[in-house]
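Enquirer: For the sequence shown, the numbering used here gives the first residue as 1, with consecutive numbering after it. Ideal placement from N, C-alpha and C gives every residue a C-beta, glycine not left out. If you're wondering where the values come from, they're calculated on a predicted model, not measured in any experiment. After the structure tokens below, expect a handful of questions from me.
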Amino acid sequence: MSRLLSTVLVTASLLAIAICAMPSAAAPRATLAGDFGPPQGAPIEEKLVDPPNVPAPIHRNYPARVIVRLETREVVKEMADGVRYTFWTFNGTTPGPLIRVRQGDTVELHLKNDPGSHMAHNIDMHAVMGPGGGAAATVTPPGHESVFTFKALRSGTFIYHCATAPVPMHIANGMYGLIVVEPPEGLPKVDHEYYVVQGDFYTSGTYHEPGLQSFDMQKLLAEQPTYVLFNGREGSLTGANALTSKVGDTVRLFVGDGGPNLVSSFHVIGGIFDSVNIEGGTLVNHNVQTTLVPAGGATMVELSTPVPGTLLLVDHSITRAFMQGALGEIKVSGPLQPQLYNKVSSGPVRGAAAPKAVAAVSNVNDAMADGKRVFTQICSACHQGNAMGLPGAFPPLAMSDYLNADPKRAIGIVLNGLSGKITVNSTGYESVMPAQGSSLSDGEIANVLTYVLNNFNNKGGSISAAEVKAVRAGDKSK
Ligand SMILES: [Cu+2]
């Protein structure tokens, strides 16, 4: 036999063996991964809680029948201070409650539609394998109830949402939530678990325009939301509502993106994700700064909080965080950890020019011209050239009731900056103005305030360099 021929024969016989060893593509697999047999024990009523809380971890080692009761309700709630909107919800909240089951469980879902609803609603659960994720089986008119069962065949973090036409509108009005299907062995233990779902909202009014807002179809079609929110409300996770942790603790976040349109670049400012279950599935990445959460998708992240202070949850498409509402907080309490994080010092650069002496401005016209220069160079960057400010970020200096009520108060504001909540022309601002006192002289501050007071439809008046000097001296003696 030629050498070539024998090689061909050996190869062919190896191939034949390989083909015999492969299961035929047509034969069904013996078990579908995640099918753990029929439910055992008595049915379990799922105890649902409001976001950002989640039901307790599952410690069961057998598949059960889990009864989940959801009710669709159309409710007027605030999406920001003074801004009301008719949310369409599961159980009255956006997002709806987080549902937590074990892989292999049979879920018996009861979907009730409140008799006060104006719309039919249903549910598409991304944890379901079957038509519409359950949508077809759960179309529920007002005052009705549908019951539907499915087996949770795959573990992961999944979105659920209403899928009634027009689907984008039902989602844009807040009809989504997460279902977590734990793997049979459960999830690793952590100290805190929270639940955050981002959504984009399209209101008839501009950002922070007060009053009851209606849904804006044109903005939806343009995919230009007025608000991008965590848990359906600006401030749902800040201030008194902030998430909490302690120094040395671990935090797990179940994060979803209901959309309807935007993808989230989810990031925690001041944190690194120890682990990310990419797209909510089983692939785990480590040491991640920012993770993408697709619209109609989710992720599960874990982070440690070794240092005290406030971490910020943001969509790092950052305009959304600071100008459309997508901002949350994790407040970490505990002792300072200077070996991990330490502010060494802060102060003026040595040798920096001391503020100029009172500007030598002899007459009113020169003072106004100088004030205009300072305004254009410095103040307009934030308060805008027309002094109208920017909604949600910088208050107006034009026709500002806050400024006109007490013009002398503005001296301290320019010298020392301003932070915390203020109300200007009945709109709330909670932002930070940095101190200008080390770069502006008493005369310049006097001139810019005089300029602002006599322009932009303010009520007039003047501030003198001597008054600025007195406030500066008063600050020093404190
Ligand atoms: Cu709906």
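(1) Answer yes or no: the CB of Thr164 versus the heavy atoms of ligand 1, is any distance below 7 Å?
(2) Check whether the Cβ of His118 sits closer than 7 Å to any heavy atom of ligand 1, and report yes or no.
(3) Please work out which residues of its chain come closer than 8 Å, Cβ to Cβ, to Leu397, disregarding the five sequence neighbours upstream and downstream, and give them in chain order.
(4) Helix or strand or just coil, what does DSSP make of Gly156?
(5) Quick check: the segment 154–166 against the segment 292–299, are at least 3 beta-carbon pairs closer than 8 Å?
(6) Runs of 3 residues minimum, wholly inside the segment 288–322: which ones carry the beta strand (DSSP E) assignment?
(7) Quick check on the burial criterion: 16 or more other C-beta atoms within 10 angstroms. Buried or exposed for Arg252?
(8) Is it the case that the CB of Met175 approaches a heavy atom of ligand 1 more closely than 7 Å?
(9) Have a look at Glu279 and His316 and give me their C-alpha separation to the nearest angstrom.
(10) Measure the C-alpha to C-alpha separation of His118 and Val66 and round it to an integer number of angstroms.
(11) Can you find a heavy atom of ligand 1 that lies under 7 Å from the Cβ of Thr138?
(12) State buried or exposed for Ser245, treating a residue as buried only when at least 16 other CB atoms are found within 10 Å of its CB.
(13) Using the DSSP secondary-structure output, state which residues sit across from Ile171 in a beta bridge.
(14) Does the distance between the C-beta of His144 and the nearest non-hydrogen atom of ligand 1 fall short of 7 Å?
(15) Is the Cβ-Cβ distance between Val54 and Tyr160 less than 8 Å?
(16) Quick one: Cα of Gly174 to Cα of Leu70, how far?
(17) Excluding the 5 residues preceding and the 5 following Ala27 in the sequence, name in chain order all residues of the same chain whose CB lies nearer than 7 Å to its CB.
(18) Val332 and Pro308 - do their beta-carbons sit closer together than 8 Å?
(19) Do His121 and Thr72 have their C-beta atoms closer together than 8 Å?
(20) In angstroms with no decimal places, state the Cα-to-Cα distance between Glu108 and Lys151.
(21) Under a Cβ-count criterion, where at least 16 other Cβ atoms within 10 Å of its own Cβ denotes burial, should Gln289 be classed as buried or exposed?
(22) Leu292: which of His267, Pro38 and Tyr176 sits nearest, CA to CA?
Expert: Per the coordinate set shown:
(1) yes
(2) no
(3) Cys379, His383, Ala387, Gly389, Leu403, Val452, Phe456 and Asn458
(4) strand
(5) yes
(6) 290–293, 297–305 and 309–315
(7) buried
(8) yes
(9) 17 Å
(10) 29 Å
(11) no
(12) buried
(13) Ile171 pairs with nothing; no bridge assigned.
(14) no
(15) no
(16) 14 Å
(17) Low confidence applies here, because Ala27 scores a pLDDT of 48, under 50, leaving its location unreliable; read the following figure in that light. So the list is empty, once near-sequence residues are dropped.
(18) yes
(19) yes
(20) 9 Å
(21) exposed
(22) His267
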